[in-house]
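Residue 403 is where the sequence shown starts when you use this note's numbering, and the numbers rise one by one after that.
Glycine included, every Cβ here is placed at the ideal spot set by N, Cα and C.
Below is one structure; the comments refer to it alone.
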Amino acid sequence: MVGWGVIGVGDVTERKAAPAAFRAEDSDVVHVMRRDADKARDFARRHGVARWSTEARAVVEDPEVTAVYIATPTATHAEYAIAAARAGKHVLVEKPMAMSATEAARMVEAADGAGVHLWVAYYRRTLPRFAKVRELLGAGAVGRPLSVHTTWRKPTDFTGWRWDPARNRGGEFYETACHTLDVLDHLLGPASDVAGVTSEDHHAVAASYRFGEVVGSGSWAFGTPDLVDETVIVGTEGIISFASFAPTPVRLVTADGAAAYEVPDPVHVHGPLVATILDELRGRGTCPSSGRSALRTSELMDTIIGA
């Protein structure tokens, strides 16, 4: 039986990674934590979780907890993940993995030293619509991929923990662009030849890189009057475009015409990722989002923002 403990039961664990995503014949959430006692108690009651607490240590030390899911702001990821690993617990941590690649490397080292698994919640690696993109690329739908470009701009009021450098470095770029950069690693191969430039306040970021053999670039701007979310992969025989955040159709354009593939997201988007984690623990497969793959994404982001 995999007994999950959850550190941080806020918005993410209500919508994206609710206890239902972890429930299977041999898996359940047994202990949840939030600093606000009333909210922790209410979450446990509504989701049918046996125990709740206000201290992360209580989850880590619970003998019925065999795996810990850390869903707190970025600044606490390394502390909690390392503590859980040292206690012999497997760890699933939210993204971005840590405040820096240096912290992320310490997390990988702690998990390796304790002989436990470390996964990171880059769930797009297992979402059906990104699997469709991977399928199209694998089938040669665009021929040989040549280039990839991401455009991401959005309105924002620059409030909340994402813009608090003590809780999340690099602003919203660090907290959101990591999803796209990580899935490009999954679709095309690890990044190299990375360069980046950013405004001092991180409201605007631009980057160039190579994913596998595919040259690429990206631009991110926050506080704009419009919302644009698009990644375009251009090949010798076609073009694939998709959104990172909205479940809009995956679009393919070739000499034969255009096609749109509508692939809806599951109710709980973490569900497919958790399924691969459980299969890995059962010895039936491998989760595609490991500490090491996520470390590559942290290193990529640090290079882009000049950290």
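Asked, Found
"L702 classed as buried or exposed, judged by whether at least 16 other C-beta atoms fall within 10 angstroms", "buried"
"I707 to T578 span [Cα, whole Å]", "14 Å"
"Rounded C-alpha distance that separates R653 from G620", "19 Å"
"K497 beta carbon less than 8 Å from that of V522", "yes"
"Touch test, the stretch 598–616 against the stretch 573–587, Cβ-Cβ under 8 Å, three pairs minimum", "yes"
"Distance CB(A568)-CB(A477) smaller than 8 Å", "yes"
"Own chain, CB closer than 6 Å to I635, minus 5 neighbours either side, in chain order", "P547, V550 and I642"
"Sufficient close CB pairs (3 or more, under 8 Å) joining the stretch 435–452 to the stretch 683–693", "no"
"Contact under 8 Å by Cβ, P475 with V451", "no"
"Length of the line joining the Cα atoms of V432 and V467", "7 Å"
"C-alpha gap between G515 and Y482, whole angstroms", "16 Å"
"Pairwise C-alpha distance: T415 and A662", "31 Å"
"Helix, strand or coil at R569 according to DSSP, with G and I counted as helix", "coil"
"Own chain residues within Cβ distance below 6 Å of V411, not counting five before or after", "V434, R436 and F445"
"For W554, the residue or residues it bridges with in DSSP", "W622 and D631"
"C-alpha distance - D587 paired with G545, whole-angstrom precision", "19 Å"
"A423 beta carbon less than 8 Å from that of H672", "yes"
"Extent of the continuous beta strand (DSSP E) run through H479", "Per DSSP, H479 belongs to no beta strand (DSSP E); it is in the alpha helix (DSSP H), H479 to R488."
"Local Cβ density within 10 Å of S429, reported as buried at 16 or more and exposed below that", "buried"
"As assigned by DSSP and simplified to three states, the class of P547", "strand"
"Range of the contiguous beta strand (DSSP E) that encloses H492", "H492 to V495"
"Where F644 falls: helix, strand or coil (DSSP)", "strand"
"Beta-ladder partner(s) of S700, from DSSP", "According to DSSP, which records beta bridges pairwise, S700 is partnered with nothing at all."
"Three-state secondary structure (DSSP) of A446", "helix"
"Neighbourhood of R612 by C-beta, 6 Å cutoff - its chain only, sequence neighbours within 5 removed", "S594 and D595"
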